[in-house]
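So for the sequence shown, this note's numbering puts the first residue at 109; every next one is plus one.
To start, the structure itself, in structure tokens.
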Amino acid sequence: MFARKFSIPRKEFTPIKKEGKLVQNNSFGALIRKREMLGNPRFSVVISNKVMKLSTHRNRIRRSFRDTLRRNWKKVDDGLDMIFLVKPGIEKLPVSEIMKEIEVFIDEKAYQKTSTKS
Numbered sequence: 109m110f111a112r113k114f115s116i117p118r119k120e121f122t123p124i125k126k127e128g129k130l131v132q133n134n135s136f137g138a139l140i141r142k143r144e145m146l147g148n149p150r151f152s153v154v155i156s157n158k159v160m161k162l163s164t165h166r167n168r169i170r171r172s173f174r175d176t177l178r179r180n181w182k183k184v185d186d187g188l189d190m191i192f193l194v195k196p197g198i199e200k201l202p203v204s205e206i207m208k209e210i211e212v213f214i215d216e217k218a219y220q221k222t223s224t225k226s
């Protein structure tokens with residue numbers, strides 16, 4: 109299970125959307141922002157109804173994201189907030205491939221480009 113300390117509260121989405129950097133991938137984008145106060149990295153997954161109509165499909169994708177992030181959160185820098193924005197077409201991919209894409213995204217440290225303060 110994904111611990112609450114790794115989740116971003118809904119009220120903090122707006123500053124991340126305004127100040128965060130967007131990093132794109134084939135299946136998802138990620139808004140990334142460095143927090144003032146260091147602590148555990150925090151994550152959220154956003155899947156629009158326009159992307160997937162059925163809630164069961166959205167929840168399956170969301171569970172795969174959370175499971176992968178739960179296993180790989182130590183690779184992410186402390187104090188980072190990441191909102192994953194799922195793109196259309198991801199529902200056609202098997203869960204194992206989605207999980208692999210997330211791991212590659214974290215391993216390549218694509219988010220480190222945005223973690224410096226400007």
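Ideal placement from N, C-alpha and C gives every residue a C-beta, glycine not left out.
Quick caveat, the model's predicted, so the values are computed rather than measured.
CA-to-CA distance, residue j to residue i, given in whole angstroms
i      : j      : result
Val194 : Glu216 : 19 Å
Leu227 : Arg112 : This structure gives no information on residue 227, because the portion of the chain shown stretches from 109 to 226.
Pro202 : Ile124 : 29 Å
Thr176 : Pro149 : 14 Å
Val184 : Ile214 : 7 Å
Pro117 : Lys126 : 16 Å
Arg179 : Ser172 : 11 Å
Gly137 : Lys182 : 20 Å
Ser152 : Phe114 : 8 Å
Pro196 : Arg170 : 14 Å
Glu120 : Glu144 : 13 Å
Of the residues the options, the one placed nearest residue i, counting alpha carbons only
i      : options                        : result
Ser156 : Leu146, Gly147, Asn167         : Asn167
Ile198 : His165, Phe114, Glu120         : His165
Val212 : Phe121, Ser115, Asn133, Glu120 : Asn133
Phe192 : Phe114, Val154, Ser135         : Val154
Cβ-Cβ separation, residue j to residue i (assumed contact under 8 Å), whole Å
i      : j      : result
Asp189 : Arg141 : 5 Å
Gly128 : Leu146 : 17 Å between Cβ atoms; not a contact.
Cross-strand partners of residue i (DSSP beta bridge)
i      : result
Val131 : Ala138
Asp189 : Arg141, Arg150
Val228 : Absent from the structure is residue 228, since the part of the chain shown begins at 109 and ends at 226.
Ser115 : Phe151
> Should the stretch 144 to 160 be regarded as contacting the stretch 203 to 213, the criterion being three or more beta carbon pairs within less than 8 Å?
Replying inline: Contact between the stretch 144 to 160 and the stretch 203 to 213 is not established, with fewer than three Cβ pairs separated by less than 8 Å.
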